[in-house]
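For reference, the structure is listed below as structure tokens.
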Amino acid sequence: MNGVANLSLAADSRVGNIAFVDLKAQQRRIRDGVEKRLMAVLDHGRYIAGPEITELEEKLAARTGAKAAVACASGTAALIIPLLARGIGPGDAVFAPAFTYNATANAILLSGATPVFVDIDPTTFNIDPADLERRIEQVREQGTLTPRAVVPVDLFGSPADYRALMKIAGREELFVLADGAQSFGGSLDNRWVGDLAPVTATSFFPGKALGAYGDAGAILSQNEDDRECWESIRWHGTDEARKNSIRVGFNARMDSFQAAVLLEKMAIFDEELAARHRVAEVYNERLSSIAKPQAHVDGALSGYGYYAMRIENRDHVVNTVKEMGVPTAVYYSTPLHQMQAFEAYAPEGGLPVTEQVSADILSLPMHPYLTPDQVDYICDAVEAASRK
Ligand SMILES: Cc1ncc(COP(=O)(O)O)c(C=O)c1O
């Protein structure tokens, strides 16, 4: 296939509209089941703490291998609650990448702790364990903050290097809170996200691989240690009777309606995950010669919340494929340490790898309802754009 004109024609006839994420196609598939589930909530009327919440928590634990699952109002709430439960706050250093969504750093700062940004690996785009070790040492040498926790992010769905991270955390006595907001369905060494770190926060924002029809998230944990505390914090810090305040908390509960939607979506999640993998395999095969698709640590499978790659002339490719009807996204063109809200925490000398990756990263359409023709067309378009 040569040239923009041919590709545009193809978009009209063979390929149709290409969505970056297609929630409508998914809804057509599950609509009847979702309606039944939502009607059930209308009938029982327990809009908060309905039976759907418990059912969802049980199914999330069973699906991921987590010992405990606590449904929350959002992925951000699922990050803040475990930090508060551990008493992490002012004077504490929490290590995290700057190549992530702002919620990772917001959660750390809202807990009262100080984010210490760590550079990433140039191929996996996830936190670099060697740089983490350097930054821990620096913080210890400076002596003003106490290293308490690390928040690795499974960017685009690809699990961080937990084998290396857990060793460092064990030695340095750091709490590991995985930001798995993008990685539900990912795995490492045949264990699912949710069972890769002591505690994992995930997001069910509508565009995520498992998405609600509104905001929602969950805490997944390898043990039950903090479960009661999390349940209390998400309900204004109350005791089990939900009457007395026994600690400071906030409203971080998931609605029954969102749990109802998620239960219906969980039933098709594995099929959808397999479809995401099929799309990624074609992208990898077709585009590896002109771009560098995200690499995964040995033994890891991405949940493919997103498909990302590094490509030369990124902005030119974005604009050219857009004209051909291919939507793309740049996550993230500005790393957190260069954003106004977080620049006070920018490390001296910046984060060289993070900054390089921000300049050439690109995400392609990724969802289970892309047809083989659409995937081919997207590859043709990216190839044509990168040649020009
Ligand atoms: C890496 C990362 N962390 C945290 C969040 C926060 O999740 P939520 O939007 O559900 O609060 C998101 C997504 O939005 C995310 O992508």
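For the sequence shown, my numbering begins at 37 and goes up steadily by one.
Just so it is clear, CB atoms sit at the ideal spot from N, CA and C, and this is done for glycine as well.
Item	Value
Inter-residue Cα distance where the pair is residue 301 and residue 242	11 Å
For review: beta carbons within less than 6 Å of any heavy atom in ligand 1	110, 111, 112, 136, 137, 139, 140, 189, 215, 217, 218, 239, 241, 251, 253
Reduced DSSP category for residue 143 - H, G, I as helix; E, B as strand; rest coil	helix
The region 100-112 contacting the region 232-247, beta-carbon criterion three pairs below 8 Å	yes
Rounded Cβ spacing between residue 415 and residue 346 (contact assumed at less than 8 Å)	Rounded, the Cβ-Cβ distance is 16 Å, inconsistent with contact.
DSSP three-state assignment for residue 253, whether helix, strand or coil	strand
Member of 60, 399, 247, 115 whose CA lies at the smallest distance from the CA of residue 350	399
Rounded separation between residue 61 and residue 244 - CA only	15 Å
Three-state secondary structure assigned by DSSP to residue 110	coil
Where residue 60 falls: helix, strand or coil (DSSP)	helix
Any 3 or more C-beta pairs closer than 8 Å across the region 370-388 and the region 128-141	yes
Residue 50 versus residue 424: straight-line alpha-carbon distance, rounded	24 Å
Distance between residue 147 and residue 122 (C-alpha atoms, nearest Å)	10 Å
Local Cβ density within 10 Å of residue 280, reported as buried at 16 or more and exposed below that	exposed
Alpha-carbon to alpha-carbon, residue 260 and residue 53	46 Å
Segments of 4+ residues assigned as alpha helix (DSSP H) that fall wholly inside the region 269-317	292-302
Residue 95 - DSSP class collapsed to helix/strand/coil	helix
Endpoints, the alpha helix (DSSP H) within which residue 215 is located	That residue, residue 215, is in no alpha helix (DSSP H); its beta strand (DSSP E) goes 211-215.
Per DSSP, cross-strand counterpart(s) of residue 328	346
Proximity winner among 128, 387, 330, relative to residue 196 (alpha-carbon distances)	330
Runs of beta strand (DSSP E) lying entirely within the region 176-203, each at least 3 residues, in chain order	182-186
Span separating the alpha-carbon of residue 171 from that of residue 207	14 Å
Coil, strand or helix - residue 151 by DSSP	strand
For residue 82 and residue 292, believed in contact at Cβ under 8 Å, the rounded distance	6 Å
Cα-Cα separation between residue 127 and residue 205, rounded to whole angstroms	19 Å
Length of the line joining the Cα atoms of residue 157 and residue 163	6 Å
Residue environment, residue 402, which counts as buried when at least 16 other CB atoms sit within 10 Å	buried
Same chain, Cβ closer than 8 Å to residue 57, five either side skipped, listed in chain order	243, 401, 402, 403
Local conformation of residue 78 per DSSP, three classes	helix
Sheet register partners of residue 235 (DSSP bridge)	213, 257
Candidates 337, 117, 87, 97: closest to residue 287 by CA position	117
Residue 181 to residue 168 span [Cα, whole Å]	15 Å
Assigned secondary structure, residue 227 (DSSP; H/G/I helix, E/B strand, else coil)	strand
Candidates 112, 212, 252, 79: closest to residue 92 by CA position	252
CB contact flag (residue 194, residue 219, <8 Å)	yes
Residues bridged to residue 130 [DSSP beta-bridge criterion]	151, 185
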